[in-house]
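When we follow the numbering used here, the leftmost residue of the sequence shown carries the number 3, and every step to the right adds one.
Glycine is no exception: its CB is placed at the ideal position from the N, C-alpha and C atoms.
The block underneath contains the structure these notes are about, expressed in C-alpha cells.
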Amino acid sequence: NVLLLEEITQRKAAEAKLKETLRQLKTAQKQIIAKEKLAYLGTLTSGIAHELCNPLNFIQNFAQLSTDLVEELMEELALESNKMEPEKFEEFQEIINDIKQNSDSIYQHGKRAEKIIKGMIRHTQIDHNSLQLSDIHNMLNESLHLSCQKLWEKENVPMTIQINYDESINKIKLSFSDIFQAFMNIIDNSCYALKTKLEQQETANQDFNPTLSVQTYNLGEKVAIHINDNGIGISSKVKDKIFDPFFTTKSPGEGVGLGLSLVHQIIVEQHHGSIKVETKAGKYAEFIIEIPMTDSRNFLPEQD
3 NVLLLEEITQ
13 RKAAEAKLKE
23 TLRQLKTAQK
33 QIIAKEKLAY
43 LGTLTSGIAH
53 ELCNPLNFIQ
63 NFAQLSTDLV
73 EELMEELALE
83 SNKMEPEKFE
93 EFQEIINDIK
103 QNSDSIYQHG
113 KRAEKIIKGM
123 IRHTQIDHNS
133 LQLSDIHNML
143 NESLHLSCQK
153 LWEKENVPMT
163 IQINYDESIN
173 KIKLSFSDIF
183 QAFMNIIDNS
193 CYALKTKLEQ
203 QETANQDFNP
213 TLSVQTYNLG
223 EKVAIHINDN
233 GIGISSKVKD
243 KIFDPFFTTK
253 SPGEGVGLGL
263 SLVHQIIVEQ
273 HHGSIKVETK
283 AGKYAEFIIE
293 IPMTDSRNFL
303 PEQD
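Following this line, the structure appears as C-alpha cells:
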C-alpha cells in the first residue's frame with residue numbers, strides 16, 4: 003500500500019509538472035506569434051510611413067506657396083486700394099487674411115504630421131538588440147504627445163499633464179525603440195484609465211480633472227521613472243496579474259493583453275531593471291520603473 007501510495011503521488015507530481023510544462027509551452031507559443039505579428043506590424047508601419055512622406059511634402063510645399071502668393075496678392079491689393087470702396091477693400095482683406103491663416107495652419111499641421119511620421123520610421127528602423135545613448139526625457143515627452151493626442155483632439159478629454167524631470171540625469175544606454183514602446187504602453191494604459199473614470203464621473207454627474215504626472219529621479223546607478231494617473235486604479239485581485247501575458251481587463255477589441263507583459267519583458271529581462279505598480283482601486287495607479295544607467299554591452303551613437 004505504501005509503494006502504491008508513493009507511485010500515485012509520483013504520478014500526480016509528474017502529471018502536474020507535465021501540465022505546467024504544457025501551459026508554459028502554450029504561453030511561449032502565443033508570445034512568439036504575438037512578436038511575429040508585432041514585427042510584421044512594424045514593417046507595415048514603416049512602409050506606410052514612407053509612402054505618406056511624398057504626398058505630405060506636396061501638401062506642405064503647396065501650403066507654403068499659397069502663403070507666398072497670398073502675401074503678394076495683399077501687396078497688389080494695397081496698391082489698388084485707392085481705386086476701391088473702403089468697405090469692399092476691407093472685405094477683400096478679410097477674405098485674403100482667412101486664406102493666409104488657413105494656408106499657415108495646413109503647413110503647421112503638415113510639419114507636425116511629418117514629425118510623427120519620421121518618428122514612426124525611426125522607431126521601426128532601430129535594431130532592438132543594440133543600445134543607444136538616449137535622452138529618456140525626450141522619449142517621455144514624445145510618448146506623452148503621441149499617447150495623449152487622441153484624447154485631447156479626437157475625444158476632447160480635458161486633461162492635465164504634470165512633468166517634473168530630474169535634470170541631473172544624462173543620456174543613458176538603452177534599446178531606444180523598446181524603451182519608447184514600454185513608455186507608450188504604460189501611458190496608453192493611463193490614458194485609458196483616465197478616460198474610463200471621466201465617463202463614469204460624467205454619468206454620475208460628478209466633477210473630475212483627469213491628471214497624468216511623470217517624474218524622474220537620479221538614483222546614482224539607476225534612473226527612476228514614476229508615471230501616475232488619477233484614473234480608475236487597479237483592484238488588488240487584478241494587480242498581481244497585470245504583467246501576465248494576454249491578461250487584460252479591457253473590452254474585446256480594445257486590447258489583447260500584451261502591453262504590460264511586453265513592458266515587463268523590456269524593462270526587467272532586457273534591461274535588467276525593475277517595474278512595480280502602486281495603486282488604489284478607483285483612486286490612482288502609479289508605475290515605478292528603475293533602469294540601470296550603465297551597461298557593459300556595446301552601444302550605438304545617441305538618438306535625437
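- Task: Note down the Cα distance separating I171 from I138, rounded to an integer number of angstroms.
- Result: 9 Å
- Message: Which same chain residues end up closer than 6 Å to L196 when comparing Cβ atoms and leaving out the 5 residues on each side of it in sequence?
- Response: P212, D231 and G233
- Message: If contact is defined by three or more beta carbon pairs under 8 Å, each pair taking one atom from either stretch, is the segment 62-79 in contact with the segment 18-30?
- Response: no
- To the nearest angstrom, how far is it from the Cα of F182 to the Cα of K241? 23 Å
- Message: For I244 and V279, which I take to be in contact (beta-carbon distance under 8 Å), what is that distance rounded to the nearest angstrom?
- Response: 7 Å
- Item | K282 versus L5: straight-line alpha-carbon distance, rounded | 52 Å
- Between K173 and L221, what straight-line distance do the alpha-carbon atoms span, to the nearest angstrom? 14 Å
- Message: Pairs of beta-carbons, one from the segment 176-195 and one from the segment 142-152, closer than 8 Å: are there three or more?
- Response: yes
- Item | Per DSSP, cross-strand counterpart(s) of H228 | Q217 and I290
- Query: Are L67 and A115 closer than 7 Å when you measure CB to CB?
  - Reply: no
- Selection from K199, V216, Q217 and T218 that minimises the alpha carbon distance to D209: K199
- Task: Please classify F178: is it buried, with 16 or more other beta-carbons within 10 angstroms of its beta-carbon, or exposed?
- Result: buried
- Message: Below 8 Å on the Cβ atoms is my contact criterion, and I expect I188 with F91 to pass it. Report the Cβ-Cβ distance as a whole number of Å.
- Response: Incorrect: roughly 57 Å between the Cβ atoms, too far for contact.
- Within 10 angstroms of its Cβ, does Q110 collect 16 or more other Cβ (buried), or is it exposed? exposed
- Give the range of the alpha helix (DSSP H) segment to which V240 is assigned. S238 to K241
- Task: In the DSSP assignment, find the beta strand (DSSP E) that holds N166 and state where it starts and stops.
- Result: T162 to N166
- Message: I need the straight-line Cα distance from I101 to S145, nearest angstrom please.
- Response: 34 Å
- Verify whether the separation of the beta carbon atoms of I268 and V225 is less than 7 Å. no
- Message: Could you tell me the alpha carbon to alpha carbon distance between V270 and L54, rounded to whole angstroms?
- Response: 36 Å
- Task: With DSSP collapsed to three states, give me the class of K173.
- Result: coil
- Look at the Cβ atom of L133, then the Cβ atom of L176, and state whether they are nearer than 7 Å. yes
- Message: Please report the distance separating the alpha-carbon of A18 from that of E8.
- Response: 15 Å
- Candidates P88, F94 and V265: closest to A184 by CA position: V265
- Exposed or buried, L46, counting other C-beta atoms within 10 Å across all chains shown (16 or more means buried)? exposed
- Query: By Cβ distance below 8 Å, which residues in the same chain neighbour K113 in space, the five residues on each side in sequence not counted?
  - Reply: Q62
- Taking all protein chains shown into account, do 16 or more other C-beta atoms lie within 10 angstroms of the C-beta of P254, making it buried, or fewer, making it exposed? With a pLDDT of 42 at P254, under the threshold of 50, the modelled position of this residue cannot be trusted; read the value that follows with caution. By the neighbour-count rule (16 or more Cβ atoms within 10 Å), P254 is not buried but exposed.
- Query: Buried or exposed: which applies to M86, given that a residue is buried once 16 or more other Cβ atoms fall within 10 Å of its Cβ?
  - Reply: exposed
- Query: At which residues does the alpha helix (DSSP H) containing K199 begin and terminate?
  - Reply: F178 to T205
- Item | Continuous beta strand (DSSP E) stretch holding E280: start and end | S276 to K282
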